[in-house]
Each structure stands twice: as C-alpha cells, then as structure tokens.
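Just below is one structure, and these are the notes that go with it.
There are 2 protein chains.
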Amino acid sequence: MEQAEAAAGPVRPTDRADGALRPAGRAAITGGFWAARRAVTSEVCVPQGLGRLESAGNLHNLRLAAGRTAGEYRGDLPFLDSDVYKWLEAAAWTEAEHGLTADLAGARDAVVALVRAAQRDDGYLNSWFQVAKDGERWTDLRWGHELYCAGHLIQAAVAHHRATGEEGLLAVAVRFADCIDSVFGTDKKIDGVCGHAEVETALVELYRETGEQRYLDLAAYFVDRRGHGLLNPEATRGTAAGPAYCQDHLPVREANAVAGHAVRQLYFLAGVTDLAVETGDASLRAAAERLWTEMAARKTHITGGLGAHHAEEDFGDPYELPNERAYCETCAAIASVQWNWRMALLTGEAKYSDLAERTLYNAVLPGVSLDGTRWFYANPLQVRDEHLDRHGDHGVSRKAWFRCACCPPNVMRLLASLPHYFVSGDADGIQLHQYATGSYEAVAGTVRVETGYPWSGGIAVTIERGGEWTLSLRVPGWCADVEAGVNGVAVDTVVPDGWLRIRRAWQPGDVVSLNLAMPIRLTAADPRVDAVRGCAAIERGPLVYCLEEGDQPQPGLDAFVLDPSAALTADHDPGLLDGVTVVRGLSRRRTAAHPAWWPYRSGAGPTPPTAPTPPTAPTDPLPFTAIPYYAWANRQDGAMRIWLPMA
Amino acid sequence: MEQAEAAAGPVRPTDRADGALRPAGRAAITGGFWAARRAVTSEVCVPQGLGRLESAGNLHNLRLAAGRTAGEYRGDLPFLDSDVYKWLEAAAWTEAEHGLTADLAGARDAVVALVRAAQRDDGYLNSWFQVAKDGERWTDLRWGHELYCAGHLIQAAVAHHRATGEEGLLAVAVRFADCIDSVFGTDKKIDGVCGHAEVETALVELYRETGEQRYLDLAAYFVDRRGHGLLNPEATRGTAAGPAYCQDHLPVREANAVAGHAVRQLYFLAGVTDLAVETGDASLRAAAERLWTEMAARKTHITGGLGAHHAEEDFGDPYELPNERAYCETCAAIASVQWNWRMALLTGEAKYSDLAERTLYNAVLPGVSLDGTRWFYANPLQVRDEHLDRHGDHGVSRKAWFRCACCPPNVMRLLASLPHYFVSGDADGIQLHQYATGSYEAVAGTVRVETGYPWSGGIAVTIERGGEWTLSLRVPGWCADVEAGVNGVAVDTVVPDGWLRIRRAWQPGDVVSLNLAMPIRLTAADPRVDAVRGCAAIERGPLVYCLEEGDQPQPGLDAFVLDPSAALTADHDPGLLDGVTVVRGLSRRRTAAHPAWWPYRSGAGPTPPTAPTPPTAPTDPLPFTAIPYYAWANRQDGAMRIWLPMA
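Chains as they are written, first to last, in this note's numbering: chain V, 2 to 648; chain F, 2 to 648.
Below you can see the structure in the form of structure tokens.
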C-alpha cells in the first residue's frame, strides 16, 4: 500500500473491503470556518485538557495503578482511564497536523510512559480494577467498562502510531488486546460482552493497523454475542433500564429500532459497520442500514442530536423528541458522526454525510464554547423563560469540566481528526463529502478546496494532481438550487442521489466551481413529533438557528410568535461570536393570552363542539435576531429556542 | 362546640379561625359514582393493604423497633413507617363510615399496639433510625423523613381519635410531638426543618384536636424556618436538586412560584394554609394565594396532575407540561386536593373546589385500578406507539405495590375520608363544593343530595333540617349553561363568582334542583404549553377523556387526527369499565406522512421563506371511541392519548 493511499485518520478500511470507499490518504484543513474551530482545539482544548485530567484525578489513578504514588482512587467512576486515552488520541491527531509544543509533547510522552507503566504483566490495564476493585477483574461486565476503556486505549494507540510512527503505545494496546483475546470467547474463560460498546470498532481498527486477523475475529465475537442476555439480565430486570440499555435485548441482526443508551448504541453500530466493511457480511450491513433509517426518521432532533431522555441518556419512543428535555449528549453526536462516516464509506451513499454534516455543525459543535474552555454535556433545543437550571453537569450553562468528563476529550479527538471525515476516494475518483478549505489527496488524484462555507455556498475545487477520474461533489439534502461549472463552463447539475459527478481527464489547475444556494429556510417537522407541532425552525445552509433572549428587544421567548410571511434577512457579522451570519426579521409576541388562572380553554358547544382557539393578542411587529445554534450560551444565560411557534 | 358542628373528617378549623368555612359536621356518601369507588376502597384496598405492608416489610421494621422480632431492616428506605400510618388513617375513616370486619378491626388494633410498643420512652418513634441507623436520630433532616413520618403518625392518630374515640394512638402521637417540641426551635437543641414537609399540617390538626397551643406554635416554627438554607445547602449545591427541591430556597412569604418536589411543595402549602386559617396571618394567606395561582396557571396539567419531571418528581418550568413524560404523581394529586380544600375553607372561593374536582376525577382516581388491586405512581397523559416501558414502578402499567409505596395508602386515606371534602358550612348556611349522592350536616342545616354525577349534571338537594340560611351551590368553571329551581320554580342563575346562592327560610322537604349542562367539549391550551400546540382534549362535565389504542379500529394512535367539525356523541355503557359514558366520533389518520428518512421538511424559498407544511394524506373517516381518563389501563397495555392533534 502506498503512503498516499494509507489514510492518516482514524478509519482505514483494508484491501479486503470490497467496494468500500477509502478516506483520503492525506487531508488537511487550511483555512475558513473549521480551521478557526480547530485552532481553538489545538491551542486551547488539548493543552488545557491535560490539566483537567490532572485535577480530576485521572492521571493520579493511573499512577496508583503503576505504583508510582500512594492514596485512594479518585473520582468513583470505573471508566476514568478512557478520558486519558481520548486525550492521547486528540494529541496524536493534533501532532500529525500542527505539531505539539515541546512542553506538550513531553507531557504527552510522560502520559504514554505512565500508561505503559500501569499495565500489568499479563497485558491487563484498568486503574479502577487494579486499584479500587483489586481482584474483581472481569466480574462486572455490565458496569465495569473494562472493554470500553480498552477500546479507547486501542484507538489512541492506533492514532499515536499513525500520527507519529512511534510503536510504544501500540504495543501496550496489542498486549491488552491479546489479554482480552485470551480470556473472551464461547470456548474460553468468559463468554461475555461489555456493557458499553466501544471495543468492537477499536478492534477492527487494530486489525487494520496490525493485519492480525485475531482482532477482527474478536470484534466479530463481541458483535455476535451482544443481544443474548449475557449482561446479567436477572440483575437488570425490573430496573429502569433493562437489557435494551446496553443493546443486549436483541442480536443486532434482529433489531428493528435503535434503543437504549444512545452512545452505547452508536459506538456499537460503528463497530457493526466496520465489521461489515471488512467481512462483507450482508446481514450486518442490512441491520446497520435498517437501524440508521429508523433512527434518522424517528429519533433524531433537527440538530442531529440523539437521545431524548436525561434519565438514562437514551433514545425515546418514536417521534418522542422533546425540546427543553432533549438530552442530545455531545458524545452521542460524536458517535453519530463516526458511525455515519463508516456508513458513507461502506455504501457510498450521500445521505450519511448529509446527516454527518448536520450533526457536526449543530450537535457536536455546540458542545464546546467558542473559546474552547467550557463544555456542554447535554444540548437541549430550548431553555424556557424562568428556567430553573437544576441539572448540574447536564444543565444549560457551560461547565469547565464534568465529574463524568467523557464529552470534552471526545470533542477534541473528533475535531483534531476532522479532515479525515471529509473526503474519500476509490479507484474511480474522489468524493467530497464535506466542504472546508484545505487539501485532500486520494489514490486517483489531489484536490484543493476553497470555500466560505458554511456562511456561503460557493466552493472552488482546484485539481492539483489530475488523471481521468470522477470528481463527486455531495449536494446536501437541504440544497434545492445548485450550479456547477468546470473552468467557467456550466455543467449539468442533476443529482438524483445526492452526488454531482463530473468525469474528466483532469489537468492540474482545472477549477470546478460549485454553488449551493443558501436561502433562509423555515422547516417543519413530521406531525408525529408532538413537541414541535405548529412550529418552524430557521435554517440556512447546514446550520440550524436559534433565538437567544439577550438578542431580542424584550426579555423572554415563550410568547414569541413567528410570522412566516415576514421577510427574513441574513447578514454576516464578523465581530459577533467569532463571526456569524445572523438572521433577522419581524415577529410578534402574545400578550396576556390567559389572564385567568386556568391555562386551558374550551370551545363553544354543544354539537359539534367547536375547535377551541385560545385568545391571543399579538403585539405589533418586533424585530428579532437569530444566531447559529452552535454559538449559543457563549455570552449570557437566558431563554433560548430553536422551534418557533407560528401562531 | 356541638357534635353536629365538629367535623368528623381530617380538617377541623377551630373557633379561632375567623371567617373560615367549616367542613360539614357529618358527611356520608350513600350512592352513585363515588359510593362505588369507595366500596372498592373499603372492601378491597384497605383489607389488602395490610397484607402489602406485611409483605413489604413495613410491619417487620416496626416489630424490630419494638424488640418483638430479630433480623435486618427491610426496604432500605427511611420513610416506610409512614405507609403504616396512612393505612391506619384509612382504616379509621373506613371504620367511621362503614365499620370494619372483626378480623380487620383486630388486625388494625394489633398495628396500633405495635406502634405503641415501638415508641421509645422519650416519645421518639421511627423504625429506620431505631433499627438501621441507631444513634443517628435527627442527624439527616434532609433525607431522614423523621418529621414527615411523625406528621403521618399524627394525622393517623387524629383520624383514629375522631373516628373511634379511642385515645391510645393519639397518646403516641402526642408523646412524639412533645419529643419534637422539646428538641426543635431557634433556642433549642436543633434549629431545623424536615426535607419532606408534612408535619406542619399535621401539627395544626393536632392543635385542633387537643387544644394545645404548643403544637400550633411548633407548626408556625417549621413554616417560618423553611427557606433559610437549614437543609444543608452546602451538601446539595451542585447536585441535581438543590435547595428548591425541599422548598428551602426561599421563605414561603417571599416565593412567587411553586418549585421542587411536587408532593413536598403541596404538603407544605397545606400546612401554610392551615396556619393562615388558625392565625389569620395575612402574609401567609397572600403567599398561598399567589403560589396557587402560579401553579394553576402555569404548572398544572389538564388532568389536575402536577409534576413535570420524573427525575426529581418536581415541577417543571412555567408551561413545561409534557404528555408522555408527565410525572403527575398520584400523591401530588392527593396533596393538591388536600391543599385546595384548605384554600376553599380559608377563602370561600369556588375556584379551589373547581381544581379539586378536576384533580379528584382525573389525577387521583387514575392512580388506582377499578378493581382496587393495582396502582399507578406516575400518571402520564400519553403512551406512544411502540412505547418501551422502561420506568419500572413509575411506568405505564399498573403495579400491585411499589418499593416506595407512598401512593396506595394515600389514595386509601383520601377516598376513605372523601365526603369530608365535599360540603362546608358557616353561620350563614351550607356550601356544596362537590356533588355526590349522600347526606351532609352543618350547623345551619342538613341536606340530602341525589345525583347521577359525573355522568349527568342533574342534582337534587333536599332540605332535611331547615331554617333561614343560604344554600350555596358551586357551578363548575367548565359549565357554561346552568339551570336551577326551588320546588319546581326556576330561580335566577347568575353566578359571577362560581357560587349559585339561594337564600330562603328552608323547610324540611324543600327540593332544590340544579342542572349543569354537560355537552362534550373540545379544549385547547395556552399556546405557551408547547407540548399540546394544535391539539384538543375531549372533556365532558368534570371528566377528561382519552383514547386507548384497543378501542380503536386500527392499532396505534400517533397518526390520529381529530376533525373538530365532526359530531361527537356521548353514550353511557353500564357494562364497560364499571359503567362509563364514552364519547364517539369520526376521525382520520395520517398515512405515510414522511416516507423518506428525514422527518423535517423545509418550505419553498427564498424570500420570504414560505411556511412549511409537512405533507399529510389523511385517510377516510374512521370511528373512534374515547373513555374517561381515570379508567385507562384497566384492560390491556397499549398506546393512549388525551391531547389529540387537529391537523
């Protein structure tokens, strides 16, 4: 395999994966929107993250496991090692693209050495079970998170190896994987799976990195054995969650609906998809496609956010998509991007990158503040007037870190590896899934992209290395009006399947121009989404907009009424929120709709009863300003809403 | 005080309470709707309840405290004694009206003896702190529930004394109250309040029963001291609930909104209102009125149910009234009825009995199955198609009992004492707050009521003991068309304040006829209630209706569309669900509104963007059947909804 062909990112299908797309071998974002967001990641989040892991005790716990210090395990959670591994992965991708400062590289190397030192001789590695629960290894697969932590270790090690070429961390991961392989199997000491899926996708990637078939087989074992009640169904019966919480209620090939804890479900489906890529297993692919459609059609918020309940961080019933109580964990959005990318590679279908784009801008990015110092764990779609924020770490004000800090280093590792989710290639050409100014190299050729996306829909693709191949440009589902040209000559833009394909004998310097019209859109939901009946959301391009109370002429938002016939304007304000395009218009407000003490009103009777129309007394038109949802909660607390009532 | 004047029920304002109404001295329901429901209470629930308390360990724990048995404390909850006390209270009210079987009376007496035996010499009594947490008395006021349990003991003792004349249990309560009084106070050993309000209202009633001013003063102390952060605000800061969970965030006189755990808030406000009755404290009355209006106008479901969140069993933000995730704990509805009755007595205003009526039929009664054997803890307003019931004790299938079994004996004690919430009197006459066939005696006179309520609105009130006084008949807020007559002669029916007042020199045998028209009504909500925008609820008389999947010609309800112009008919079916009036009509269903994978649809652009209208393809009209909500979940599981989309 040539160097140009081997993706430097987190997903690298092997030659055995017939028909699957390959990520671009080299990908770099060099300017524009994502360059700015990623600069915050590399310059603020990643350096600061190490300090957070020190303060929160994650490194202390590994030092205990390594015998380098004395004391008590800190944090009272069994998966704290995983935050360290996610941070190591983020540091690796950051180093590959930007390099690390000498200080940070040294600190990172010390963490790698610490991880190596903490590993037991037989390859086992988990500070919780080595320190706080010594002797209880593999006894609590439902809650212990040992394989989950192993998965993150493996992903960090693969990233570290791909990014730096250094073998040390990979050797740790391989030893732990071999330890797991020696224990788990239908004919081995333990027949079981982990309560939190994650190791499956990691093992496939370890197989890809090392070529060891055993790791692929082990991933297949974990995929096949979930859903057979191995996760102690007796212990969970009658509890709130039940076996569906861990997706242990049905084998994946028999499941018709996503269920349970959203991050667990999505990490698992990433592993399922990886396995389908590598094995060509049609039943796994069919299951992944079926579950994706069910999730997208019935359980996805307009932001791409997933997870309707705080209580169990889980999917709700079909069309149960609340606004104020939406959970939409940042990690679930990240997992969705990861899974969608694998589905895009497996199938070549554009819809997966449609959902990935929506999720990236509107469900991942809201999870980190613009300055990179504060985070959201849950991402609600509404904050009501007089909201009493009682939800602590899962509430509506950004926090510097969390007791369960899975999300921040997860954002870091995704944004640090982001360009590797944007472009793919195959023998026939190059596919641009997402648009960001940068340079992308695949087997067929190399392209340079320049764009003002997501503020404007103009995209210029310059061919840097040519040949006869097809350039495929994704036309997002939100775009109803597309124009394209090659070297200034318009080309046909029929895009029945979401791909605009242009086949040429490309010459270096050829320029393809794509223009995706970005009118402001008002969007409604399927009426079965009870929470937003009679409402519209403002969208523009890939961005979902929201209103924040502080931008409006009057406090409060619950009385806001959107007039859908009023003109809306989009204005770019480079000085606001690191530069955003705002949407402005005129709206009304209800005044004193119900002065009485009872908020329900019956229509006149008797037969047929008339439809009740609660009296409203809208004000004169008032101006309003909407901002991109990803940028909310960066100035002050207050009411916010995405879905706007139209009456 | 004459015997006829002394209410035999749970609330008995003293002579000191200037201007407050008094509950009828004697009240008995002798037939009709509530007689049937109460027969189930006395014949099934109360006898069966004792067995449940035995099985669940509540009696075992008291035996441990009494030194009558050995073993471990069972149940792992600190408030299990309170279920015993609520059951004793229910048994007392049942005995007073129906008598108990010899077996049950004997068993009840044994429980009373057990409670006496468990009491410590200094009057303290709490099996959790005597057995499981010996030596930790009064050290955990936030979670320990010691004063809460004391409150239920006191209420049971007062009921037992009023119903039977027997002094033994009252003596236990007095000793415990004296113990509490010796410990709690600004100048005593402990300056504190209980995490779960309840003792306040109980102490006022103990004052009423014994005449001891100390108990009223102690109640005033507990009311005044809540809201000053005595409940360990340091320990709760940063947790999900915070001090508002226990209403410890603000002194009640400064609060403008109900907040926190709904049952805690409502029990507390019952105590506040009792205190306002007895002391004439205008600032307490103003606080109670202000909080009631806030709650009714912004935080009450159409059923009267209270509590928007499962997570903390608490009130949500204003107008945050979800359907499927409504908590509406049965205990909160009971507490609301109790508080509303006290507000009605304090103020004489009809609106409190309006809300009590709604709550009784539509939020309390759904909590118990028609056969009296199974219970709801939470009372959601919707069960979606394909609902995965993961919420155990708080889910959507009725349970025989609960780990935390506060609700069942609470329903028992309310229904066993129900007639005492229906009629009041004062020097000027008699006020009928609720309508049920029965006999009611106040100072001014005695009346007999006959009615087919809630199925029909005809009410006949026969004067049994006359005199010159005012008969006040509540005309419910839902009734837009009322007729009335005396001995067949129509009378004027202007009811500006909810009371139809008829003043006469009444003769025994005079008959007042009242007819409250009961057309089927369609009811909408204030548009700020996002959850039900564009929906109507079916109501008739005091009843809220719902659709259950099993009654409809096709499975599922999420695609149901109500045509508000279709005729609706009401038919009484005596064979269905112990006899209910059903509502029938024609509706439509959406078919395949969104065949694609994305459930959101944008309107056409660009400027102004048009309002998006998701395509729907309603079916031909289909018949539907609605039943009273209180009777749901008595036949099979499945989808259910109260609020019906009109498009």
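Idealized CB from N, CA, C, for every residue including glycine. Since we're looking at a predicted model, the values are computed, not measured.
Would you kindly work out how many angstroms separate the C-alpha atoms of residue i and residue j, rounded to a whole number?
i        : j        : result
V:Ala406 : V:Thr70  : 23 angstroms
F:Thr237 : V:Thr620 : Because F:Thr237 sits at a pLDDT of 48, beneath the cut-off of 50, its placement in the model cannot be relied upon, and the following sentence gives the value as read from the coordinates. Between F:Thr237 and V:Thr620, the C-alpha separation is close to 42 angstroms.
F:Glu325 : F:Phe625 : 21 angstroms
V:Leu474 : V:Val12  : 21 angstroms
V:Gly52  : V:Ala336 : 25 angstroms
V:Phe377 : V:Glu321 : 22 angstroms
F:Leu577 : V:Asp225 : 48 angstroms
F:Arg117 : V:Arg385 : 50 angstroms
F:Leu115 : F:Ile181 : 21 angstroms
V:Leu154 : V:Val581 : 37 angstroms
V:Thr240 : F:Arg391 : Caution is warranted here: a pLDDT of 49 is assigned to V:Thr240, below 50, making its placement in the model unreliable, and no coordinate value can be reported.
V:Asp511 : V:Leu356 : 30 angstroms
F:Gly272 : V:Ser566 : 52 angstroms
F:Val112 : F:Leu60  : 8 angstroms
F:Asp372 : F:Val45  : 8 angstroms
V:Tyr125 : V:Gly212 : 22 angstroms
V:Gly243 : V:Asp77  : 23 angstroms
F:Ile503 : F:Arg38  : 31 angstroms
V:Ala648 : V:Asp564 : 8 angstroms
F:Lys300 : V:Pro646 : 20 angstroms
Cutting at 8 angstroms between CB atoms, please list the residues of its own chain near residue i, excluding the five before and the five after it.
i        : result
V:Tyr546 : Ala538, Ile539, Glu540, Val584, Ala627, Ile628, Pro629, Tyr630 and Ile643
V:Leu217 : Leu204, Val205, Tyr208, Leu276, Glu279 and Thr280
F:His99  : Ser43
Between which two residues does the alpha helix (DSSP H) harbouring residue i extend?
i        : result
F:Asp275 : Ala263 to Thr280
V:His99  : Leu81 to His99
V:Glu540 : Note, V:Glu540: premise wrong, no alpha helix (DSSP H); beta strand (DSSP E) at Cys536 to Arg541.
V:Leu573 : One point to set straight first is that residue 573 of chain V is His, not Leu, in the sequence displayed. Run containing V:His573: none in the alpha helix (DSSP H); it sits in the beta strand (DSSP E), Thr570 to Asp574.
Quick one: what's got a C-beta closer than 6 angstroms to residue i's C-beta in the same chain, skipping five residues either side?
i        : result
V:Thr441 : Checking the displayed sequence, the identity of residue 441 of chain V turns out to be Tyr instead of Thr. Ala25, Ala28, Val424 and Val448.
V:Leu65  : Val132
V:Ile30  : Ala36, Pro420, Ala437 and Gly439
V:Val159 : Glu206 and Glu210
F:Tyr454 : Tyr436
V:Pro409 : Trp376
Whole-angstrom Cβ separation of residue i and residue j, contact assumed at under 8 angstroms?
i        : j        : result
V:Ala532 : F:Ala532 : 7 angstroms
F:Gly586 : F:Ala597 : No, F:Gly586 and F:Ala597 are not in contact; Cβ-Cβ is about 32 angstroms, not under 8 angstroms.
V:Leu22  : V:Asp282 : Actually they are not in contact, since the Cβ atoms of V:Leu22 and V:Asp282 sit about 18 angstroms apart, beyond 8 angstroms.
F:Leu515 : F:Ala485 : 5 angstroms
Among residues of its own chain, excluding the 5 on either side of residue i, which ones have a beta-carbon nearer than 7 angstroms to its beta-carbon?
i        : result
F:Arg636 : Gly551
V:Glu364 : Checking the sequence, you will find Ala at residue 364 of chain V rather than Glu. Once the five neighbours on either side are set aside, the close Cβ partners of V:Ala364 are Thr304, Gly305, Gly306, Cys329, Ala334 and Asn380.
V:Pro477 : Asp355, Glu358, Leu517 and Pro543
V:Gly446 : Ile431, Ile464, Arg466, Gly467, Gly468, Trp470 and Trp507
Mind checking which residues open and close the beta strand (DSSP E) that includes residue i?
i        : result
F:Ile30  : Arg27 to Ile30
F:Gln432 : Gly430 to Leu433
V:Leu472 : Gly468 to Arg475
Measuring only between beta-carbons, confirm whether residue i sits less than 8 angstroms from chain A.
i        : result
F:Ser603 : No chain A appears in the structure shown, which is made up of the protein chains V and F.
Residues in the region 386 to 416 of chain F having any Cβ partner in chain V nearer than 7 angstroms: Asp386, Glu387, His388, Leu389, Arg391, His392 and Gly393
Listed in chain order, which residues of the region 523 to 549 of chain F have Cβ atoms closer than 9 angstroms to some Cβ of chain V? Leu523, Thr524, Ala525, Ala526, Asp527, Pro528, Arg529, Val530, Asp531, Ala532, Val533, Arg534, Gly535, Cys536, Ala537, Ala538, Ile539 and Glu540
Using a beta-carbon distance cut-off of less than 9 angstroms, what residues from the region 469 to 491 of chain F approach chain V? Result list: Gly478, Trp479, Ala481 and Asp482.
Any C-beta of chain F within less than 9 angstroms: which residues of the region 321 to 333 of chain V qualify? Glu321, Leu322, Pro323, Asn324, Glu325 and Arg326
Members of the region 549 to 560 of chain F near chain V, C-beta cut-off 8 angstroms: Asp559 and Ala560
Any residues in the region 77 to 99 of chain V with a beta carbon nearer than 7 angstroms to a beta carbon of chain F? Which ones, in chain order? none
Taking a cut of 8 angstroms between CB atoms, which residues from the region 259 to 286 of chain F lie near chain V? Within the region 259 to 286 of chain F, the residues whose Cβ lies closer than 8 angstroms to some Cβ of chain V are Ala260, listed in chain order.
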